[in-house]
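Protein sequence lines, in the order shown, are assigned to chains V and E.
No gaps in the numbering here: position 180 of the first sequence is 179 in numbering that gives the first Met the number 0, and each next residue is one more.
No gaps in the numbering here: position 46 of the second sequence is 45 in numbering that gives the first Met the number 0, and each next residue is one more.
The structure appears below as structure tokens.
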Amino acid sequence: MPDGRHEECNAVYYWKTVFRPDSAELAFMRQHDVRRIYLRMFDVTETEASDAGDIESRVEPNATVTLDEAYLNALEDLLPDVEFVPVVYITLEALKAVDGHEGFLARNIVTMVRNMCHYNALPGVTELQLDCDWTASTENSYFTLCDSVKRCFKYLELPWRLSSTVRLHQLSEDVPPVDSGVLMVYNTGDFSDPDAENSILSLGDVSPYLDNLPGYPLHLDVAYPTYSWQLLFRDRRFVGLLNGLNLEDTVQFRRLGADIYGSLRYMWYTEDDLMMTGDIIREEQSEYETIAAVKSMIDKELSGRRYSNIIYHLDNHNLSKYTSDEIDEIFSRTR
Amino acid sequence: MKSTKSFHVPVNVRLSHAVRPVLALLLAIVIGYVQGVACGPFMPIIPTPEFFALKGDPRPMSYYQRNENLELWQAQTSREIPLGDIEEVVYDDSLDSFNEYTGRKPEKTDNQFYAYLNSPKGRDAAEFLRTAKTLERLWAEIRSPWYYSKEHGTVIEPERFNQIIDKCRQYRGTQMRDRYALQITRALFASRQYQRCIEYSDSAFAVIPDDNLMKRMARGYEAGCQRRLGDTHDADWYFAEAGDIFSIQNANPAEYMARINPDAPQFIDYARHYAHDDTVMRDIAAIARRLVYDDRVTCKGDWYFMLAYTDNEFNGDASAAADEIHAAMRHYFSSSELRDLARAYKMKFDVRNGDPGTLLDDLKWLEQKSGILNADAGEWVRRTRNIIYADWVPQLWQQKQYGLAILLCSYADNLDTSVWDEVWDAPGLFGFPVAVRHTDFSETRDSETLDNRLDYGCLSFQLMGSLTSAQLADAYDHIMTDTPLNVFLRRLARTDRDYYNEVIGTLALREEEYSRAVDYLSQVSVHYLRTMNLDKDGYFSRDPFAHYASRWYTGYYDKEDSDETGALQYEPDGFDYECGVASHRYVSNPNAKLDFARKMLAYKEQMTSAPTADERGLARLMYAIGRFNSFEECWPLTQYWRGMCDNIFEPELQYWELGFGSRYYGFLYDYNTTVGHRATERIYNAERSAALAMLTTDEARAQANYILGNLATIVRQYPHTATARYIHSHCDNWRSWL
Numbered sequence: 000m001p002d003g004r005h006e007e008c009n010a011v012y013y014w015k016t017v018f019r020p021d022s023a024e025l026a027f028m029r030q031h032d033v034r035r036i037y038l039r040m041f042d043v044t045e046t047e048a049s050d051a052g053d054i055e056s057r058v059e060p061n062a063t064v065t066l067d068e069a070y071l072n073a074l075e076d077l078l079p080d081v082e083f084v085p086v087v088y089i090t091l092e093a094l095k096a097v098d099g100h101e102g103f104l105a106r107n108i109v110t111m112v113r114n115m116c117h118y119n120a121l122p123g124v125t126e127l128q129l130d131c132d133w134t135a136s137t138e139n140s141y142f143t144l145c146d147s148v149k150r151c152f153k154y155l156e157l158p159w160r161l162s163s164t165v166r167l168h169q170l171s172e173d174v175p176p177v178d179s180g181v182l183m184v185y186n187t188g189d190f191s192d193p194d195a196e197n198s199i200l201s202l203g204d205v206s207p208y209l210d211n212l213p214g215y216p217l218h219l220d221v222a223y224p225t226y227s228w229q230l231l232f233r234d235r236r237f238v239g240l241l242n243g244l245n246l247e248d249t250v251q252f253r254r255l256g257a258d259i260y261g262s263l264r265y266m267w268y269t270e271d272d273l274m275m276t277g278d279i280i281r282e283e284q285s286e287y288e289t290i291a292a293v294k295s296m297i298d299k300e301l302s303g304r305r306y307s308n309i310i311y312h313l314d315n316h317n318l319s320k321y322t323s324d325e326i327d328e329i330f331s332r333t334r
Numbered sequence: 000m001k002s003t004k005s006f007h008v009p010v011n012v013r014l015s016h017a018v019r020p021v022l023a024l025l026l027a028i029v030i031g032y033v034q035g036v037a038c039g040p041f042m043p044i045i046p047t048p049e050f051f052a053l054k055g056d057p058r059p060m061s062y063y064q065r066n067e068n069l070e071l072w073q074a075q076t077s078r079e080i081p082l083g084d085i086e087e088v089v090y091d092d093s094l095d096s097f098n099e100y101t102g103r104k105p106e107k108t109d110n111q112f113y114a115y116l117n118s119p120k121g122r123d124a125a126e127f128l129r130t131a132k133t134l135e136r137l138w139a140e141i142r143s144p145w146y147y148s149k150e151h152g153t154v155i156e157p158e159r160f161n162q163i164i165d166k167c168r169q170y171r172g173t174q175m176r177d178r179y180a181l182q183i184t185r186a187l188f189a190s191r192q193y194q195r196c197i198e199y200s201d202s203a204f205a206v207i208p209d210d211n212l213m214k215r216m217a218r219g220y221e222a223g224c225q226r227r228l229g230d231t232h233d234a235d236w237y238f239a240e241a242g243d244i245f246s247i248q249n250a251n252p253a254e255y256m257a258r259i260n261p262d263a264p265q266f267i268d269y270a271r272h273y274a275h276d277d278t279v280m281r282d283i284a285a286i287a288r289r290l291v292y293d294d295r296v297t298c299k300g301d302w303y304f305m306l307a308y309t310d311n312e313f314n315g316d317a318s319a320a321a322d323e324i325h326a327a328m329r330h331y332f333s334s335s336e337l338r339d340l341a342r343a344y345k346m347k348f349d350v351r352n353g354d355p356g357t358l359l360d361d362l363k364w365l366e367q368k369s370g371i372l373n374a375d376a377g378e379w380v381r382r383t384r385n386i387i388y389a390d391w392v393p394q395l396w397q398q399k400q401y402g403l404a405i406l407l408c409s410y411a412d413n414l415d416t417s418v419w420d421e422v423w424d425a426p427g428l429f430g431f432p433v434a435v436r437h438t439d440f441s442e443t444r445d446s447e448t449l450d451n452r453l454d455y456g457c458l459s460f461q462l463m464g465s466l467t468s469a470q471l472a473d474a475y476d477h478i479m480t481d482t483p484l485n486v487f488l489r490r491l492a493r494t495d496r497d498y499y500n501e502v503i504g505t506l507a508l509r510e511e512e513y514s515r516a517v518d519y520l521s522q523v524s525v526h527y528l529r530t531m532n533l534d535k536d537g538y539f540s541r542d543p544f545a546h547y548a549s550r551w552y553t554g555y556y557d558k559e560d561s562d563e564t565g566a567l568q569y570e571p572d573g574f575d576y577e578c579g580v581a582s583h584r585y586v587s588n589p590n591a592k593l594d595f596a597r598k599m600l601a602y603k604e605q606m607t608s609a610p611t612a613d614e615r616g617l618a619r620l621m622y623a624i625g626r627f628n629s630f631e632e633c634w635p636l637t638q639y640w641r642g643m644c645d646n647i648f649e650p651e652l653q654y655w656e657l658g659f660g661s662r663y664y665g666f667l668y669d670y671n672t673t674v675g676h677r678a679t680e681r682i683y684n685a686e687r688s689a690a691l692a693m694l695t696t697d698e699a700r701a702q703a704n705y706i707l708g709n710l711a712t713i714v715r716q717y718p719h720t721a722t723a724r725y726i727h728s729h730c731d732n733w734r735s736w737l
């Protein structure tokens with residue numbers, strides 16, 4: 000995007016800690032004309048010394064993405080027109096920890112992202128996105144952070160725009176002082192609720208919020224989920240996220256419902272974490288039918304506006320569950 | 000938890016004048032219950048503070064150089080400037096604060112070093128410090144987790160570091176030349192120009208003497224460069240030169256350090272870091288035995304101390320350790336901290352020659368170290384207690400210096416009473432305390448209601464109870480003799496007459512020296528007796544001349560308590576019995592011991608001088624019952640604790656040492672292992688039989704059986720006696736007939 004304007008295009012989020020899309024993912028982007036990659040650069044988390052008087056030691060960058068310079072050079076040949084939008088995820092705890100010192104956080108975020116982009120020669124960067132689940136009580140701090148980030152752009156002479164993720168519940172709140180937003184149409188339910196049907200995406204969870212969409216005074220693109228996950232519950236309490244367990248293994252698991260499984264014996268599911276007999280696993284998928292239904296509603300609410308559709312997130316294992324037509328349908332824009 | 004006993008006393012029985020008072024005593028009999036637990040002094044834990052070991056992680060290199068650098072600044076600027084002011088400017092203030100105080104707002108600080116820097120003669124120093132702080136900030140920036148290099152290349156932020164290096168090079172003076180050279184070395188290191196850093200440092204410091212602080216500090220950076228360039232051998236040499244022994248990768252860092260730089264203060268701290276590792280300590284000790292004769296080593300006190308510690312703690316050679324610690328005190332130490340620790344450690348050996356020689360001076364010094372203004376005061380109290388409890392008291396006891404042992408121990412017991420005295424009061428639901436109040440300990444000591452957890456739970460009180468009454472009386476005389484040491488110790492120790500006389504009297508009861516018991520107990524004030532926990536908890540509420548059918552139970556058994564299969568011959572309810580002494584409806588009698596002693600004296604007199612055999616026999620029976628009860632059912636007459644916790648009152652080290660208690664404190668009195676209930680029972684049984692054999696009339700035999708609670712025997716064998724008639728007409732408890 001040489002002219003620095005935010006234009007509509009197909010886009011994906013890249014949310015892993017090492018940026019190295021495999022051949023299938025590259026093929027996916029070529030096939031579906033993906034022109035923008037929202038790349039998570041790092042998380043901002045509170046430190047163990049978050050209650051220290053020294054503001055410098057309260058929060059820190061965490062899980063910084065590893066970028067391979069040689070790979071990025073090759074990528075430019077493979078995807079010559081792709082632009083990158085660096086994304087920084089700020090935990091709510093970190094935001095609370097720097098309350099009143101947002102300028103310090105803004106300076107550190109912008110400087111670090113700028114240096115990462117510069118060092119790794121990330122192509123086509125004209126935008127920085129902040130991702131934070133701010134609430135009414137932290138809205139002021141988050142908005143101050145956004146203002147500070149924009150001031151840092153000026154101070155550092157960066158011709159960047161600032162965007163922010165916007166969660167469904169935030170549609171009814173004040174609008175953050177950013178240039179554009181991405182409506183996150185995922186994580187719509189409460190994943191820790193043992194009775195939730197599907198916390199990734201559910202029509203019933205989304206629809207109540209959409210009344211605020213047509214009049215929302217900020218340019219919004221829309222992100223749809225294509226991921227799946229397995230949630231572990233013990234005594235009806237959420238224990239943790241599982242990763243890629245074979246729930247069809249009848250020695251270990253018994254199907255209790257459509258996407259509900261019971262653990263028949265204990266097993267270590269990570270080096271430190273034990274699954275107990277009787278634990279419940281709920282597998283949640285981003286079903287295409289649900290995505291299509293939600294997207295249809297959102298397209299209707301946004302009719303007449305220009306916007307992009309974004310897939311969250313680029314991962315061949317998950318994306319392989321969708322047909323090419325389904326992906327095209329998710330990316331499709333109506334006006 | 001309840002025990003209810005009922006007795007009906009035949010007060011109208013016609014008895015001889017001699018027997019009447021005997022039966023009258025039976026009025027004081029138990030009915031009902033009051034709960035209470037016989038809690039003696041819990042196992043005294045002797046603190047085990049560090050005498051040699053370094054606390055925490057190894058100190059950073061800057062720790063060793065900081066003071067030297069501050070003194071150097073003072074020498075280079077003005078002796079009038081306090082070191083604290085220099086430290087604030089050099090080490091504490093940020094670049095922004097520094098710029099503020101040396102620029103726009105010099106009036107905002109009263110720091111004398113800033114005043115100097117803002118004067119014309121301070122310009123060079125101010126400029127240097129500004130440059131050094133600029134470098135420090137840049138270095139901090141690239142060490143921050145937020146740092147991400149903008150440019151590729153092996154050199155970090157070359158432009159910004161080179162700016163600083165250029166500025167340092169512009170200095171043309173002489174006074175700050177070594178300081179600027181160090182800053183350039185640091186800048187080259189921080190920007191990862193390792194080869195250039197080594198070359199520059201070698202060249203810049205070539206003409207500067209080896210003992211120059213900046214040169215020594217630069218050695219550390221050179222070592223770091225060598226390490227990063229992969230030259231471990233040279234890196235080790237530079238680290239040793241810099242004193243950074245913890246960074247040496249040689250297989251034997253201590254040996255390497257002894258060869259290259261044995262006088263570095265970090266070397267002894269390396270040994271202190273491994274103070275709990277006997278293998279490492281023995282290895283270093285082998286080196287230390289050479290170091291104490293090495294002319295390059297100025298602080299030989301450090302190494303003699305290390306040898307003393309190793310020989311005492313790991314080699315079991317206290318004699319060699321004593322020689323070495325005394326040798327240490329004749330030499331220099333690398334720090335006042337080590338000298339202080341060595342002096343304290345020396346005290347552990349002083350007692351072995353039986354001469355309290357420097358004890359008074361040493362204790363006065365220790366009290367100063369334990370002053371409230373000292374941040375490490377608590378640890379010094381622990382050291383004082385360790386020296387006294389672990390070394391002095393057992394040794395003095397062995398030397399039979401009981402008075403000094405008790406006084407010294409009581410001094411240690413009372414070192415910080417104001418600190419730990421917490422009063423639990425404001426009883427809430429069911430009488431449980433709900434509030435903790437901090438008070439002056441004297442309030443507790445004088446209180447007839449608050450629990451006194453110190454005076455009757457401390458080691459010195461156990462010592463007092465481990466002597467004979469005569470020995471304790473002698474010891475007390477010694478304690479009250481006005482020597483300078485005694486006067487000093489008595490300031491804190493508890494030495495009032497009531498406290499001692501009560502114990503001496505109790506010991507006399509234990510020894511059946513009832514006359515002596517009366518002498519001492521009659522001198523004890525009733526108020527004092529009421530302040531004792533035994534009285535507050537109702538332990539003096541039982542009649543010591545009543546016959547108790549059951550056996551006192553404490554959970555302590557010996558072989559004789561078991562049958563041939565090993566099973567206990569009786570299975571009492573433990574907690575019921577333990578609480579039994581306090582389970583009495585009568586109000587505790589604070590004068591119980593004195594009353595008991597007087598009555599025992601009276602019975603003893605009657606046993607020989609009463610006119611009839613019956614009277615002499617009944618008196619003998621009462622004496623036997625009284626003696627038995629004074630050790631068993633009414634044990635508070637002769638003991639201060641009995642119960643389930645018996646046998647575990649030996650002091651032990653906080654960091655356990657197998658057998659310490661029995662080795663050093665095996666002399667502490669314990670009823671079970673000295674007298675024991677079996678021996679007490681045997682004496683009682685023999686005396687009771689002998690007393691009964693003396694009786695000549697049925698009336699007396701009936702009275703004796705009444706005393707022993709054998710009502711059925713009286714009715715069956717002596718139906719014609721006045722006692723039997725009384726039973727017929729008064730006793731209505733059918734269980735008593737069974």
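No residue lacks a Cβ here, since even glycine has one placed at the ideal position from N, Cα and C.
Please read all numbers here as calculations on a predicted model, not as lab measurements.
Secondary structure at E/G565, three-state DSSP: helix, strand or coil? In the second sequence, counting from the first residue as 1, residue 565 of chain E sits at position 566. Here E/G565 scores only 46 on pLDDT, less than 50, and its place in the model is too uncertain to base an answer on.
Give me the chain V residues within the contact set of E/W738, using Cβ-Cβ distance strictly less than 8 Å, ordered along the chain. As displayed, chain E neither begins before 0 nor continues past 737, which places residue 738 of chain E out of reach and without an answer.
From which residue to which residue does the alpha helix (DSSP H) around E/T673 run? Translated into positions along the second sequence, residue 673 of chain E becomes position 674. Start and end: Y670 to T673.
Sequence-distant residues of the same chain with beta carbon closer than 7 Å to E/V279, five excluded per side: Numbered from its first residue, the second sequence carries residue 279 of chain E at position 280. For E/V279, where only same-chain residues beyond five positions count, the Cβ hits under 7 Å are Y273.
8 Å is my cut-off, CB to CB: does V/Y88 come that close to chain E? Here residue 88 of chain V is taken as the residue at index 89 of the first sequence, counted from 1. Answer no: the Cβ-Cβ gap between V/Y88 and chain E never drops below 8 Å.
CB contact below 8 Å: E/E150 versus chain V: Your numbering for residue 150 of chain E matches position 151 in the second sequence. It does: the Cβ of E/E150 has a partner Cβ on chain V nearer than 8 Å.
Kindly list, in the order they appear in chain E, the residues whose Cβ is closer than 7 Å to that of V/N72. Residue numbering aside, residue 72 of chain V sits at position 73 when the first sequence is read from its first letter. By Cβ distance, chain E contributes nothing, its closest Cβ being about 12 Å from V/N72, past 7 Å.
At the level of alpha carbons, what is the spacing between V/N61 and E/H151? Translated into positions along the first sequence, residue 61 of chain V becomes position 62. Translated into positions along the second sequence, residue 151 of chain E becomes position 152. Their Cα atoms are separated by approximately 22 Å.
Alpha-carbon spacing of E/A376 relative to E/S369, whole angstroms: For the purposes of this step, residue 376 of chain E is identified with residue 377 of the second sequence, where counting begins at 1. For the purposes of this step, residue 369 of chain E is identified with residue 370 of the second sequence, where counting begins at 1. Put simply, the backbone Cα of E/A376 is about 4 Å away from that of E/S369.
What are the start and end residues of the alpha helix (DSSP H) that includes V/I329? What you label residue 329 of chain V is simply residue 330 of the first sequence in a count that begins at 1. For V/I329, the enclosing alpha helix (DSSP H) starts and ends at S323 to F330.
Could you give the DSSP three-state label for V/E390: helix, strand or coil? In the structure as shown, chain V begins at 0 and stops at 334. Residue 390 of chain V is therefore absent and cannot be evaluated.
If you count every other CB in all the chains shown that lies within 10 Å of the CB of E/F238, and 16 or more means buried, which is it? Along the second sequence, read from residue 1 onward, the residue named residue 238 of chain E stands at position 239. Residue environment: E/F238 is assigned as buried (16 or more neighbouring CB atoms within 10 Å of its CB, all protein chains considered).
For a test of the three-state rule: what should DSSP assign to E/V380, helix, strand or coil? Taking the second sequence and counting its residues from 1, the one referred to as residue 380 of chain E is at position 381. Helix, per DSSP.
If I measure Cβ to Cβ from E/T607 and keep anything under 8 Å in the same chain, skipping five residues before and after, which residues do I get? To locate residue 607 of chain E, count along the second sequence from 1; it is residue 608. Setting aside the 5 residues that flank it on each side, E/T607 is surrounded in the same chain by R615, each with a C-beta closer than 8 Å to its C-beta; the list follows chain order.
Residue from V/D53, V/N139, V/A48 and V/R34 with nearest C-alpha to V/D80: Reading the first sequence from its first residue, position 81 is the one you call residue 80 of chain V. Residue V/R34 is the option with its Cα nearest to V/D80.
Count the other CB atoms within 10 Å of the CB of E/E240; is the residue buried (16 or more) or exposed (fewer)? On the second sequence, position 241 is the one that residue 240 of chain E refers to. Looking at its Cβ environment, which holds 16 or more other Cβ atoms inside 10 Å, E/E240 is buried.
Output yes or no for whether 8 Å exceeds the beta carbon distance between V/C145 and V/P176. As a first step, residue 145 of chain V is located in the first sequence; it is residue number 146 there, counting from the start. As a first step, residue 176 of chain V is located in the first sequence; it is residue number 177 there, counting from the start. Note that the C-beta distance between V/C145 and V/P176 is below 8 Å.
Does V/Y12 have its Cβ less than 8 Å from a Cβ in chain E? Residue mapping note: residue 12 of chain V aligns to position 13 of the first sequence, counting from 1. No, because no Cβ of chain E sits closer than 8 Å to the Cβ of V/Y12.
Helix, strand or coil for V/E126 per DSSP? The residue labelled residue 126 of chain V in the question sits at position 127 within the first sequence. In this structure, V/E126 counts as strand in the three-state DSSP scheme.
CB contact check: V/M115 to chain E, cutoff 8 Å: Position 116 of the first sequence, counted from the first residue, corresponds to residue 115 of chain V. By this cut-off, V/M115 is an interface position.
Roughly how many angstroms separate the alpha carbons of E/T101 and E/F127, rounded to a whole number? Numbered from 1 along the second sequence, position 102 holds the residue referred to as residue 101 of chain E. Numbered from 1 along the second sequence, position 128 holds the residue referred to as residue 127 of chain E. Taking the straight line joining both Cα atoms gives about 12 Å.
Tell me the DSSP bridge mates of V/R281? Along the first sequence, read from residue 1 onward, the residue named residue 281 of chain V stands at position 282. V/L230 and V/I259.
I want to see whether chain E comes within less than 8 Å of V/Y154, judged by CB atoms only; does it? Sequence index remark: in the first sequence, residue 154 of chain V carries index 155 (1-based). No, no contact with chain E.
Just confirm the distance between the C-beta atoms of E/R641 and E/W634, as a whole number of angstroms; I'd bet it's less than 8 Å. Mapped onto the second sequence, residue 641 of chain E falls at position 642. Mapped onto the second sequence, residue 634 of chain E falls at position 635. Rounded, the Cβ-Cβ distance is 5 Å, consistent with contact.
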